[in-house]
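Structure first, then comments.
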Amino acid sequence: DKVSTMRISRLLFEIFYVCLISLVNSLHQNGDIAEVLQSKDILETTFFRFNFSTSKLLEVDTKYEKLGIEYCGELTNERLQEIFEKASQGQNVTLLVLGGSSTIGADLGAGSKTQTYHMAFSSWWNENIFPVTGSFLHKKVIAIGGVGSAYMSYCWKIYLDNKKAFDIVFWEFFMNDFYFDDYSRILDNFFKSILQYSTSTPAFILVKFSPNTIFQGEQLTCLVTSEFFNAKDKVVRQKSRQYQISVASMQEIICRNVQQYNRILLKKDYFVHIHPSHKAHAQIGFTLINYIRNIFITFLKSPNRTRQYKHFPSSQSENNAQCFTGLLPFANALRKTIYDIPLLWSRGYRRRSKCKWDQSIAERTDIRGGYVAKEAQSEIIFQLPLNIVYKVSNVYLVISHQSSPNSFYIDVIVRSIYGDFASSLDCSQLLHPATSVQRIASNVLGTCNIEVYDPTGKCLINAIVLEEDDLTSTRNKV
């Protein structure tokens, strides 16, 4: 019967697991795990085997240990060594992937779920690390099209079921981030929120895809003349060194191909519309695998290395925020959203809880939802009930920017018992191609009403973020 079948299946699994652990122990005794990893060609992994089975097809130097690594951070390196020490004992490892539409696999069509850089990595781990250690890689992906580090620095935690520690974290937001004067602060907030999330600091790796807009003409070049790109890139480089975080960069791969091998790289091979192609994902995936595998092999050959960065120090003033959002990696991802905030008034605004992505046979589950203005002179008033003794240091409005040849604005007023804050926000794509996080009030006490007036009827309100100031105060959450 069904119960007997389940018991037999469980018994067979237990026998398999015992045999696997015995094999692992045997490998440990013989010190062969490093040799096993070195002997297996990365390109034999299922992810690469059918389309990029050779270095020529993939257009990478597979023997170059630092391929695509823009910066090798000591904190990341040492955490990876600790993680492999855990994995070599047969313990499972967890990977958290945070990103935008590139991480989803946008514009990859029917292969979007199997052709991403993180799929390459998880495929390699479970085909190579798991058989020789018994350590399985569990992966959670939180990816939403159009969002960047500013939004995620406040809101990424709300997508997790509990405060579970992650061993490895991939961050992919470079294409969606936009350079402003406070970009350094945004990255500070985001990096600290990741590194201080639990008592165990994760191995944090930044994944940088190059936007296709920085290349003029049909060929990819190493030299980038975009001041905007270079200014943003400079901040990321500074912050990765400050926090000792490793960076995998598409631009590093491009530069080595162009400068070292004089290859002509065509934009059409590396991008599908504005998103990275299958080849670009495969190159970044290979870079991550190659880098992490080399760290593991180094650890196995000298496991008693002195470690300098054991854990990232806990924060005395951790960034804490309430995030009410319609931006979802998939439907029903959250118990509470922006729709749970009481409305005092609404005219012309409609809920947008579904997304119809205009990409042929694309498999996308992310939703850029919220309240969208459907007609001119639309108005909406949100009421946020806060305890009168509780102070919110900043209130932010997250909006999606719409295609338009000209600027168009929405008027926002935040009313509280200690005064009003008025602002006008440009909702066009002239400054922000996707979503942005705009501060609309500071130091708010008591009941807070947010009034939004859209004279053109084009803007989409995605989220409201309350940056908390006094973490010891009690308050009534929505």
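Throughout the sequence shown, residue numbering follows mature numbering (1 follows the signal peptide of the UniProt record, and there is no 0), covering -26 to -1, 1 to 452 in sequence. For every residue, glycine included, the Cβ atom is placed at its ideal position computed from N, Cα and C. All values reported here derive from a predicted model rather than from experimental measurement.
If you look at residue 259, you'll find it in the alpha helix (DSSP H) that goes 252 to 275. Short of 6 Å from the beta carbon of residue 39, and not among the five residues preceding or following it, lie these beta carbons of its own chain, in chain order: 268. DSSP, reduced to helix, strand and coil, places residue 226 within a helical segment of the structure shown.
Residue pairing by DSSP puts residue 342 in a beta bridge opposite 301. Inclusion of residue 215 and residue 45 in the CB contact set at 8 Å is warranted, their separation being smaller than that value.
Pairing residue 298 with residue 271 gives a Cβ-Cβ distance that is not under 8 Å. Counting only the Cα atoms, residue 399 lies some 12 Å from residue 429. Cα atoms of residue 25 and residue 31: separation of roughly 8 Å, rounded to the nearest angstrom.
Residue 409 has 374 as its beta-bridge partners, per DSSP. Excluding sequence positions up to five before and after residue 168, its CB lies within less than 6 Å of the CB of 143 and 178, all in the same chain and listed in chain order.
Listed in chain order, the non-local C-beta contacts of residue 234 below 8 Å within the same chain comprise 35, local neighbours out to five positions each way being set aside.
The alpha carbon of residue 439 has as its nearest neighbour, out of 53, 193 and 301, the alpha carbon of 301.
In this structure, residue 366 lies away from residue 425, with their beta-carbon atoms at least 8 Å apart.
Taken through DSSP and simplified to helix, strand or coil, residue 325 comes out as strand. Selection 114, 110 and 67 evaluated against residue 304 yields 114 as nearest (Cα-Cα). Take the alpha-carbon of residue 384 and the one of residue 346: they are about 12 Å apart. Collapsing the DSSP output to three states places residue 181 in a strand.
With the rule of 3 Cβ pairs closer than 8 Å, the segment 146 to 161 does not count as touching the segment 97 to 109.
When secondary structure is reduced to three states using DSSP, residue 101 falls in the helix class. Looking at the DSSP output, residue 439 sits in a beta bridge with 297 and 370. With respect to the 8 Å criterion, residue 369 and residue 418 are classified as neighbours on the basis of their beta carbons. In the DSSP assignment, residue 423 forms a beta bridge with 357 and 389. Residue burial is scored here from C-beta neighbours: residue 202 has fewer than 16 other C-beta atoms within 10 angstroms and is therefore classed as exposed.
The beta carbon of residue 391 sits closer than 6 Å to those of 420, all from its chain and outside the five residues before and after it, given in chain order. Residue 9 counts as exposed, since fewer than 16 other C-beta atoms from the protein chains shown sit within 10 angstroms of its C-beta. In the DSSP assignment, residue 146 is bridged to 73. Residue ranges of uninterrupted beta strand (DSSP E) with 3 or more members, entirely inside the segment 158 to 218 and ordered along the chain, are 177 to 182.
When secondary structure is reduced to three states using DSSP, residue 106 falls in the helix class.
The three-state secondary structure of residue 121, taken from DSSP, is coil. Here residue 433 is near residue 373, since their CB atoms are less than 8 Å apart. Inclusion of residue 231 and residue 33 in the CB contact set at 8 Å is warranted, their separation being smaller than that value. Contact between the segment 12 to 22 and the segment 179 to 187 is not established, with fewer than three Cβ pairs separated by less than 8 Å.
Looking at the backbone, the Cα of residue 307 and that of residue 137 are separated by about 16 Å. In the DSSP annotation of this structure, the continuous segment of the alpha helix (DSSP H) that includes residue 244 starts and ends at 241 to 244. For residue 90, same chain residues with a beta-carbon under 6 Å away, outside a window of 5 residues either side, are 79 and 255 in chain order.
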